[in-house]
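One structure below.
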Amino acid sequence: MKNWNWRLISTHAILIVGVLFMSLPVWVAFATSTHAPETILRDGLQFLPGSHFFTTYNEVLFVEGGVMKSVLGTTMLKNSLILGLGFAIGKVIISMLAAYAIVYFRFRLATPLFCVIFLTLLLPLEVRIIPSYEVLAKLGMLDTHVGLIVPLIASATGTFFFRQFFRSVPDELLEAARLDGATAWGFFIDILVPLSKTMIAAILIIMFVVGWNQYLWPLIMTTKEENYTLVIGIKQIYQILAEGGELPQYQKAFALTILATLPPVLVVLIFQNWFVKGLVESEK
Amino acid sequence: MANLALTGIRKTYPNGAVAVRGVDMTIDDGEFIVFVGPSGCGKSTLLRMVAGLESITEGSIHIGDRLINDVSPADRDVAMVFQNYALYPHMTVRGNMSYGLKNRGMPKEEINKRVNDAASLLRIGDYLDRQPNELSGGQRQRVAMGRAIVREPEVFLFDEPLSNLDAKLRVQMRIEIKRLQRRLNVTSIYVTHDQTEAMTLADRLAVINDGKIEQMGAPIELYNNPATLFVATFIGAPQMNLLPAQFDGEKLISNTLSLSGYDGLPQSQNLILGIRPDTLRTDDNGQLEMRVDLVEQHGADNLIYGAILNSENTDSEETEFCFKTGQEVMPEIDSTLRLGFDPDKTLIFDKESGDRLR
Ligand SMILES: Nc1ncnc2c1ncn2[C@@H]1O[C@H](COP(=O)(O)OP(=O)(O)OP(=O)(O)O)[C@@H](O)[C@H]1O
Ligand SMILES: [Mg+2]
């Protein structure tokens, strides 16, 4: 009995330490963001919430010149959302179509082509960032949403997941649909897409978070402040802090950080059931 | 409605496997044809070629006077029922049944009418708004059939549609399929390896072996007059009893048995004597001596399994034998039965070629 108690306590202790380790920094960032700049400058990081929550967040989100020179927090939030959603939706569409072609159209190069797609895993954007930039610059697409998203959406992982899923769909469904007069497009839209619902949801969620957190590419691609995403905004505000000037606005930097982590957390929390289902369950 | 003609059909799969080696047949309008044969003999392949799901390596298929070799499955005017039902899992029963009609651009009222008619015919009217995973196996099977019926095709194709059902349901659905086909009078091809299904459903039966049609005809014709040893053993349950035999000019010799009543058979040639279990009878003067190993009581009938003792003196193994009789014959295990039979009801085959000689 005693033994058992000790085991319980020690495992819980380990888990609690883990939870604190993960969440304490977030909490400190939040608590600090609700204090006045003078307090932070004088007393350092804060562990308890202060009284400046509304002032700080209002300025960050809605007041011109509140965080950046001109761009509002809401605009950066919008840009981040566009990037996250465009990135996720684009990836799902492209990889579903690629997987559809590879699995259902018996063209001769299907397998080698799939290998090539898979090999691109070894070539992340960071490796081809200069040529990509060059291409987009020549196309005049720097500082546009399309230019920001399109170069990112080819997805080997997504293609792989959908390929595995499509291969598990029984052949008879395709045959029944062919006898029912479905076109290639009809089969995809009417049968495959609805069957892949949970899979699509899972990949959308993962990719939204990945897209939201994109850093290097938006940093290079965007030159105008109005196109900043939250992640870029954070980078800029800390740079401003480092360069010094008047009273450093640490609380705003923290507020921006909190704002940037919030949407991905919400998405995962709200959709985690779908997410788990999509990865675990093979619905047939 | 139309007849269906297969001419010189061959199929070689891309990997080199030859599945069908020259099949010719004509199927009349409204006829119910059953393909039966052992696993891997090419039944499904043949059916799928009619459906358009497999390409035709050689030969031609006509529905009516229309050559359909290169017509897409959707335009062949055939409907198929699959073994595992192949229902669209995310659509309701109604959705499943109307999908093919929608794709053909049929007006909504017409679709609804057809779906409702088929549903009441199949007694699935109450389930129209359910999804397939909320149905039992038998109900799913009905939906799969409903999906075929609403299309009002020229030809129905069934690939072992009942093999996923339990025995009782299978019998019930079998009767229903037959009734439905009579009523709709649509030319149908039905693949099975269950010979009861084959015998009871078919107007004509095609026994397929190794990609070729061994024999085609009415089920009872195939039972009574099999052209080859293969057909004789494949059709009929329990299976026909076989004894090795030779003809010495007067009598048929099988080990120590010497049977009269046979003449005109080739001499010095290995023959096979085939006796159906139900043509045997107990007979104190009979020549066959059978040691009883097992008695299966089926109710009205008893099936008695054992070995023929007359063949013990050869180096070959004991010859397995089955004797079908009424429930009143209930011999002890290990007792010996004397059996007799009418030579006219037995069949003689050439051992080498399998051809029937008598
Ligand atoms: N897609 C394929 N590629 C290559 N060979 C195939 C393919 N499908 C079937 N075969 C071969 O063709 C032969 C006939 O197969 P088929 O499926 O028609 O048999 P079947 O009579 O329907 O058998 P079963 O009763 O087991 O369903 C088999 O030897 C099989 O191995
Ligand atoms: Mg088959």
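Residue numbers (this note's numbering), protein chains in the order written: chain A, 2 to 285; chain B, 72 to 429. Think of the CB as a built atom: it goes at the ideal place given N, C-alpha and C, for glycine as much as any other residue.
Next on the checklist: Does the CB of Tyr-261/B have a neighbour CB from chain A at under 8 angstroms?
Outcome noted: no
Next on the checklist: Taking 8 angstroms as the threshold (C-beta atoms), are Leu-344/B and Leu-365/B in contact?
Outcome noted: no
Checklist entry - Closer than 7 angstroms: is that where the CB of Tyr-84/B sits relative to any heavy atom of ligand 1? => result yes
Checklist entry - Hey, Leu-240/B and Ile-220/B: beta-carbon distance below 8 angstroms or not? => result Between Leu-240/B and Ile-220/B, the gap from beta carbon to beta carbon reaches 8 angstroms or more.
Next on the checklist: I'd like to check one pair, Leu-374/B with Met-361/B: are the Cβ atoms closer than 8 angstroms?
Outcome noted: no
Checklist entry - Going by C-alpha distance, which of Met-151/B, Gln-266/B, Cys-112/B, Leu-158/B is nearest Gly-93/B? => result Cys-112/B
Next on the checklist: So that I know if they touch, is there some Cβ in chain A lying closer than 8 angstroms to that of Arg-175/B?
Outcome noted: yes
Checklist entry - Using a C-beta cutoff of 8 angstroms, does Arg-179/A count as contacting chain B? => result With 8 angstroms as the cut-off, Arg-179/A counts as an interface residue toward chain B.
Checklist entry - Roughly how many angstroms lie between the CA atoms of Val-278/B and Asp-413/B, to the nearest whole one? => result 27 angstroms
Checklist entry - Fully enclosed by the segment 121-208 of chain A, which alpha helix (DSSP H) runs are 4 residues long or longer? => result 130-139, 146-150, 157-169, 172-180, 185-188
Item to check | Those residues, in chain order, that have a beta-carbon closer than 7 angstroms to some heavy atom of ligand 2 | outcome: In chain order, the qualifying residues are Lys-114/B, Ser-115/B, Asp-230/B, Glu-231/B, Val-262/B.
Item to check | Proximal chain C residues relative to Pro-171/A, where beta-carbon distance stays under 8 angstroms | outcome: Structure shown: chain C not included; protein chains present are A and B.
Checklist entry - Going by DSSP, what residues sit across from His-133/B in a beta bridge? => result Ala-76/B, Leu-138/B
Next on the checklist: What residue range does the beta strand (DSSP E) around Met-244/B cover?
Outcome noted: Met-244/B -> not in any beta strand (DSSP E); alpha helix (DSSP H) instead, spanning 238-255.
Item to check | Reduced DSSP secondary structure (H/G/I, E/B, other) of Leu-217/A | outcome: helix
Checklist entry - Does ligand 1 have even one heavy atom less than 7 angstroms from the beta-carbon of Ala-88/B? => result yes
Next on the checklist: Let me confirm a value: Phe-48/A is counted as buried when at least 16 other C-beta atoms fall within 10 Å, else exposed. Which label applies?
Outcome noted: exposed
Next on the checklist: My parser needs the beta strand (DSSP E) runs of 3 or more residues fully inside the segment 352-405 of chain B; what are they?
Outcome noted: Counting whole runs of 3 or more residues, the segment 352-405 of chain B contains the beta strand (DSSP E) stretches 359-368, 372-379, 390-397.
Checklist entry - Just curious, the beta strand (DSSP E) that Thr-75/A is in, first and last residue? => result Thr-75/A -> not in any beta strand (DSSP E); alpha helix (DSSP H) instead, spanning 74-105.
Next on the checklist: I need the boundaries of the alpha helix (DSSP H) containing Leu-117/B, first residue and last residue.
Outcome noted: Segment 114-122, the alpha helix (DSSP H) holding Leu-117/B.
Checklist entry - List, in order along the chain, the chain B residues whose C-beta lies closer than 7 angstroms to that of Pro-195/A? => result His-161
Next on the checklist: Can you give me the C-alpha to C-alpha distance between Pro-224/B and Leu-138/B, rounded to a whole angstrom?
Outcome noted: Near 16 angstroms, if we compare the C-alpha coordinates of Leu-138/B and Pro-224/B.
Checklist entry - From Asn-155/B to Asn-235/B, what distance separates their C-alpha atoms? => result 7 angstroms
Item to check | Members of the segment 119-145 of chain B that neighbour chain A once the beta carbon cut-off is set at 7 angstroms | outcome: Ala-122, Leu-124, Pro-144, Ala-145
Next on the checklist: Spatial neighbours of Gln-252/A within its chain, please: C-beta separation below 8 angstroms, excluding the five flanking residues on both sides.
Outcome noted: Thr-33, Ser-34, Thr-35, His-36, Ala-37, Pro-38, Ile-41, His-53, Thr-57
Checklist entry - Using Cβ-Cβ distances below 7 angstroms, what residues of the segment 202-221 of chain B are close to chain A? => result none
Next on the checklist: With three or more C-beta pairs closer than 8 angstroms as the rule, is the segment 92-112 of chain A touching the segment 200-208 of chain A?
Outcome noted: yes
Checklist entry - Which chain A residues are close to Ala-189/B, counting only those with a beta carbon under 9 angstroms from its beta carbon? => result Under the 9 angstroms cutoff, chain A gives no residues; its nearest Cβ is about 14 angstroms from Ala-189/B.
Next on the checklist: Is any non-hydrogen atom of ligand 1 found closer than 7 angstroms to the C-beta of Cys-112/B, if you look at the structure I gave you?
Outcome noted: Flag set: Cβ of Cys-112/B near ligand 1.
Checklist entry - Cβ of Ala-73/B less than 8 angstroms from any chain A Cβ? => result Taking a beta-carbon distance threshold of 8 angstroms, Ala-73/B does not count as an interface residue toward chain A.
Checklist entry - Which residues mark the beginning and the end of the alpha helix (DSSP H) in which Met-177/B is found? => result First-last for Met-177/B: undefined, no H or E at that position.
Next on the checklist: If I follow the unbroken alpha helix (DSSP H) through Tyr-294/B, where does it start and stop?
Outcome noted: 290-295
Item to check | Any C-beta of chain A under 8 angstroms from that of Ala-90/B | outcome: no
Next on the checklist: Contact criterion: CB-CB distance below 8 angstroms. Does Leu-174/A meet it with respect to chain B?
Outcome noted: yes
Checklist entry - In chain B, which residues lie with their C-beta within 7 angstroms of the C-beta of Gly-182/A? => result Ala-145, Gly-171, Asn-174, Arg-175
Checklist entry - Do the CB positions of Phe-119/A and Phe-161/A come within less than 8 angstroms of each other? => result In this structure, Phe-161/A lies closer than 8 angstroms to Phe-119/A by Cβ.
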